[in-house]
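For what it's worth, our numbering labels the leading residue of the sequence shown as 96, then goes sequentially.
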Amino acid sequence: MPEAPTPARDPAATGGLPSPSAAASRRGRRAAATREDVLALVMHRYLRGLRVDVQAIAAELGLGRTTIYRWFGSREELIGEVVVRAAEPVLAEARSGARGEGAEALLDTFDRFNRSIAASTALRRFIEREREAALRVITSSGGQVQPRIVAMITALIAAEVSAGAYEPPLEPATLAYAIVRLAEAFLYNDAAVGIRGDVDRLREVEAAMLGLKTARTRHPRRR
Numbered sequence: 096m097p098e099a100p101t102p103a104r105d106p107a108a109t110g111g112l113p114s115p116s117a118a119a120s121r122r123g124r125r126a127a128a129t130r131e132d133v134l135a136l137v138m139h140r141y142l143r144g145l146r147v148d149v150q151a152i153a154a155e156l157g158l159g160r161t162t163i164y165r166w167f168g169s170r171e172e173l174i175g176e177v178v179v180r181a182a183e184p185v186l187a188e189a190r191s192g193a194r195g196e197g198a199e200a201l202l203d204t205f206d207r208f209n210r211s212i213a214a215s216t217a218l219r220r221f222i223e224r225e226r227e228a229a230l231r232v233i234t235s236s237g238g239q240v241q242p243r244i245v246a247m248i249t250a251l252i253a254a255e256v257s258a259g260a261y262e263p264p265l266e267p268a269t270l271a272y273a274i275v276r277l278a279e280a281f282l283y284n285d286a287a288v289g290i291r292g293d294v295d296r297l298r299e300v301e302a303a304m305l306g307l308k309t310a311r312t313r314h315p316r317r318r
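What follows is the structure in structure tokens.
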């Protein structure tokens, strides 16, 4: 299933992770690397468009590859965890900046999020470099990314329902799944395995799915 052209300003360049250079122990000896240290180093590489080499990461952190695989299951699951962590604050920022309420607020949130994803340099480089593997990480229903993005979208829809601002045409989880799958179809070009970024048409279709009558309205200017 959230970035400026440079890693430092990338909207997806957050995730609340510690620096990959962990502090040493009190006596000056290097502290044992943790699961969060691995995620921090992978995030560091991902956001800079570098390949995630598990062997190199294990060596840099003084870990065995088996330890990393025990923590994360596979390389793809490790990368998926980082992609989700990068996306979480982007979606939160999209929601905080969205205007209106109910379906209008949801549409504006999804539109902002989709545009950040389409502009993501890190994600684009990942897809260009790894192609089929990258699409598996991002779009597989059995992976880390899609189910958790669906869960986040479900929570946003449910919040509007609980507030009495929205009556969805479908049960929130079903609607959220459809919206995420729709975004995947519009954002990722399976043939070229790249980011297509057809966000204007995507916004129109999402508006229709949310039950808005303004499906063909133009994308509003951001302030």
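Backbone N, C-alpha and C define an ideal beta-carbon position, used for all residues, glycine too.
Where does residue i fall in DSSP's three states?
i, result
"residue 141", "helix"
"residue 312", "Because the pLDDT at residue 312 is just 48, under 50, the model does not fix this residue reliably, and the point stays unresolved."
"residue 298", "helix"
"residue 132", "helix"
"residue 235", "coil"
"residue 264", "coil"
"residue 258", "coil"
"residue 253", "helix"
"residue 149", "helix"
"residue 226", "coil"
"residue 278", "helix"
"residue 127", "coil"
"residue 307", "coil"
Our contact map puts residue i next to residue j with C-beta atoms below 8 angstroms; I'd like the distance itself, whole angstroms only.
i, j, result
"residue 260", "residue 192", "In fact, because the Cβ distance is near 17 angstroms, the residues do not count as touching under 8 angstroms."
"residue 147", "residue 174", "6 angstroms"
"residue 213", "residue 282", "6 angstroms"
"residue 305", "residue 186", "16 angstroms between Cβ atoms; not a contact."
"residue 179", "residue 141", "Contact doesn't hold; Cβ gap of about 11 angstroms is too wide."
"residue 279", "residue 234", "5 angstroms"
"residue 200", "residue 255", "7 angstroms"
"residue 154", "residue 163", "Not quite, the Cβ-Cβ distance comes to about 11 angstroms (not below 8 angstroms), so this is no contact."
"residue 252", "residue 270", "6 angstroms"
"residue 182", "residue 244", "7 angstroms"
Is residue i a contact residue of the ligand MG, with contact defined as CB to any heavy atom under 7 angstroms?
i, result
"residue 222", "With respect to the ligand MG, the structure offers nothing, as it holds no ligand at all."
For residue i, is the classification buried or exposed, using 16 other Cβ atoms within 10 angstroms of its Cβ as the cut-off for buried?
i, result
"residue 217", "buried"
"residue 226", "exposed"
"residue 122", "Note that residue 122 has pLDDT 41, beneath the 50 cutoff, so the model's placement of it is unreliable and no number is given."
"residue 206", "buried"
"residue 241", "buried"
"residue 301", "buried"
"residue 264", "exposed"
"residue 204", "buried"
"residue 215", "buried"
"residue 298", "buried"
"residue 236", "exposed"
Against chain C, does residue i count as a neighbour if the rule is that its beta carbon must be under 8 angstroms from one of theirs?
i, result
"residue 224", "The structure shown has no chain C; it contains just one protein chain."
| Length-filtered (4 minimum) alpha helix (DSSP H) runs lying within the stretch 156–217 | Runs of the alpha helix (DSSP H) lying entirely within the stretch 156–217, each at least 4 residues long, are 160–167, 170–192 and 197–213 in chain order.
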